[in-house]
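Structure first, commentary second.
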DNA sequence: CGGCCATTTGACGGGAATCAACCGCGGTGG
DNA sequence: CCACCGCGGTTGATTCCCGTCAAATGGCCG
């Protein structure tokens with residue numbers, strides 16, 4: 001439900017009026033877990049990772065955020081996770097206070113957030129599915145397929161996927177060790193399902209990958 | 001945000017007017033994955049599991065649903081998961097069609113769903129955290145702590161936890177084999193962190209469990 | 001060229017899956 | 001009343017996947 005919802009011109013304009021366009025270079029922190037949360041963000045271009053630092057030293061990546069997606073949920077007034085730009089990223093920064101006022105005037109804007117929340121929930125379920133797949137090879141295969149859905153990072157014609165994240169990020173997202181990322185990429189390459197052009201640029205054979213997934 | 005939201009009397013009444021009280025005995029299916037989704041549910045008492053059947057034969061449990069929680073999200077008109085009562089369960093059944101009409105009249109009811117979506121996402125994140133914990137023992141320890149938050153199933157005084165789900169359900173939720181559930185329960189008992197009264201009734205030493213978690 | 005960092009590769013050990021068998025309990029029917 | 005069965009839970013033996021530790025390689029920038 002609420003799948004086909006879009007804002008009208010007036011609503012969009014009002015939302016733009018309270019938004020600021022900001023820019024973050026690659027690897028730059030946007031906010032930190034535990035910090036007071038004053039803004040919600042929407043990606044114009046680039047990519048972001050949401051990570052949560054655990055007491056046992058592990059770093060848990062909850063989600064990768066892509067263009068048009070929003071992030072910046074707060075819990076008890078603070079951000080429960082850190083947000084870090086993966087690549088050169090352009091954002092809309094929207095102050096919560098102004099947003100809540102705006103929703104009073106244009107209640108339909110809230111639907112936008114409901115939509116985002118539902119999308120995010122779906123993404124969380126797919127993530128859970130991936131991260132608990134018994135074989136690590138299949139986790140990675142599924143991950144590559146997920147990434148190839150992002151038009152900005154996958155070229156349909158050449159089948160070249162540009163990874164916005166490094167090996168450690170992938171490992172933290174899928175729940176295994178950095179070394180395993182390398183090993184499994186090698187195995188996929190040995191199986192002729194992918195071809196590594198460089199560490200970040202990979203040619204995919206989506207059909208073959210789907211077969212083993 | 002939206003944490004402190006509650007319906008007023010009029011809204012609650014209107015919602016009740018379109019709801020039907022229904023009952024499902026233990027192990028009874030409420031709906032099946034792939035089925036056309038016409039209702040959303042809210043648990044009055046009991047417990048429900050949401051599971052997704054995978055093509056490789058595994059059964060993936062996305063969530064356990066407790067009293068006051070809602071479930072029944074649809075994707076493309078159908079339920080993406082099956083819902084099954086774990087124990088004798090009483091529910092509110094709310095038709096989607098009537099609900100969408102009601103939101104037109106009382107837009108604030110939508111906030112209830114936004115709230116639910118955000119809660120669900122939080123739960124999904126905790127689930128992910130649990131299910132990817134490197135040591136199986138800690139996964140189970142964390143799971144028992146989660147369960148002990150449900151007042152209907154955990155007695156604060158006697159510290160007795162009543163498990164609504166069986167060993168297989170726990171295994172499917174935490175991402176390991178049935179046998180592992182048994183083995184780890186035994187290990188927790190050997191460590192004097194729990195005591196099994198029967199297969200479903202367990203005395204917890206929450207303090208000690210938190211220490212190892 | 002040299003240093004740093006990300007990535008890759010190798011060797012080894014451990015933890016959990018798998019494949020079995022066994023146990024305990026409730027239900028059923030002779 | 002008890003033997004039999006079925007099902008959920010437990011335990012044991014073996015295998016293997018992946019984490020860990022260690023070292024080598026490669027790319028990038030000063």
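Protein chains in written order, with full-length UniProt numbering: chain A, 1 to 213; chain B, 1 to 213.
Using N, Cα and C, we set each Cβ at its ideal position, and we do this for glycine too.
This one's a predicted model, so the numbers in the text were calculated from it and none came from an experiment.
Quick one: what's got a C-beta closer than 7 Å to residue i's C-beta in the same chain, skipping five residues either side?
| i | result |
| --- | --- |
| residue 153/A | 147, 161, 162 and 164 |
| residue 71/B | 41, 48, 50, 65 and 83 |
| residue 186/B | none |
| residue 11/A | 106, 108 and 109 |
| residue 168/B | 178 |
| residue 43/B | 65, 66, 67, 68, 69, 89 and 91 |
| residue 196/A | 185, 189 and 202 |
Counting contacts by CB-CB distance shorter than 8 Å, is residue i in contact with chain A?
| i | result |
| --- | --- |
| residue 157/B | no |
| residue 33/B | no |
| residue 120/B | yes |
| residue 91/B | no |
| residue 97/B | no |
| residue 36/B | no |
| residue 60/B | yes |
| residue 25/B | no |
| residue 114/B | yes |
| residue 132/B | yes |
| residue 117/B | yes |
| residue 200/B | no |
Assuming residue i contacts residue j (C-beta within less than 8 Å), just tell me the rounded distance between them.
| i | j | result |
| --- | --- | --- |
| residue 193/A | residue 170/A | That pair is no contact at about 16 Å. |
| residue 133/A | residue 61/A | Actually they do not touch by this definition, with Cβ atoms about 16 Å apart. |
| residue 145/B | residue 206/B | 7 Å |
| residue 33/A | residue 63/A | At roughly 14 Å, the Cβ-Cβ gap does not stay under 8 Å, so residue 33/A and residue 63/A are not in contact. |
| residue 128/A | residue 127/B | 6 Å |
| residue 102/A | residue 15/A | 7 Å |
Can you name the start and end residues of the beta strand (DSSP E) that residue i belongs to?
| i | result |
| --- | --- |
| residue 89/A | 89-95 |
| residue 61/A | 59-65 |
| residue 207/B | It is not in any beta strand (DSSP E) - residue 207/B instead sits in the alpha helix (DSSP H) that spans 206-212. |
| residue 83/A | 82-85 |
| residue 40/B | 39-45 |
| residue 23/A | 20-24 |
| residue 79/B | Where residue 79/B is concerned, there is no enclosing beta strand (DSSP E), given that its DSSP letter is neither H nor E. |
| residue 195/B | 194-196 |
| residue 160/A | 160-162 |
| residue 29/B | 29-31 |
Leaving out five residues on either side along the sequence, give the residues of the same chain with a beta carbon under 8 Å from the beta carbon of residue i.
| i | result |
| --- | --- |
| residue 143/B | 130, 170, 173 and 174 |
| residue 58/A | 172 |
| residue 96/A | 37, 38, 39, 40 and 74 |
| residue 212/B | 137, 138, 141, 191 and 193 |
Residue range of the alpha helix (DSSP H) that residue i falls in?
| i | result |
| --- | --- |
| residue 178/B | 178-190 |
| residue 270/A | In the structure as shown, chain A starts at 1 and stops at 213, and residue 270/A therefore has no counterpart that could be examined. |
| residue 17/A | 9-17 |
| residue 136/B | 136-147 |
| residue 120/A | 108-131 |
| residue 167/B | 167-174 |
To which residues of the same chain is residue i closer than 6 Å at the C-beta, ignoring the five residues directly before and after it?
| i | result |
| --- | --- |
| residue 29/A | 84 |
| residue 159/B | 203 and 204 |
| residue 45/A | 67 and 90 |
| residue 86/B | 47, 49, 164 and 165 |
| residue 31/A | 79 and 83 |
| residue 23/B | 90 |
| residue 176/B | 136 |
| residue 180/A | 136 |
Is residue i close to chain B? Criterion is C-beta to C-beta, closer than 8 Å.
| i | result |
| --- | --- |
| residue 188/A | no |
| residue 141/A | no |
| residue 67/A | no |
| residue 53/A | no |
| residue 72/A | no |
| residue 175/A | yes |
| residue 124/A | yes |
| residue 7/A | no |
| residue 181/A | no |
| residue 129/A | yes |
| residue 110/A | yes |
Looking at residue i and the ligand COA, is the gap between the Cβ and the nearest heavy atom below 7 Å?
| i | result |
| --- | --- |
| residue 184/A | The ligand COA is not part of the structure shown, which contains no ligands of any sort. |
| Any chance the stretch 116-124 of chain A sits against the stretch 113-127 of chain B, with 3 or more Cβ pairs inside 8 Å? | Counting C-beta pairs closer than 8 Å gives three or more between the stretch 116-124 of chain A and the stretch 113-127 of chain B, which meets the contact rule.
For the pair the stretch 98-115 of chain B and the stretch 5-19 of chain B, tell me if three or more CB-CB distances fall below 8 Å. yes
Does the stretch 24-39 of chain B come close enough to the stretch 67-81 of chain B that 3 or more CB-CB pairs lie under 8 Å? yes
Tell me whether the stretch 16-30 of chain B and the stretch 84-95 of chain B touch, counting them as touching only if at least three CB pairs, one residue from each stretch, are closer than 8 Å. Verdict: yes, contact present.
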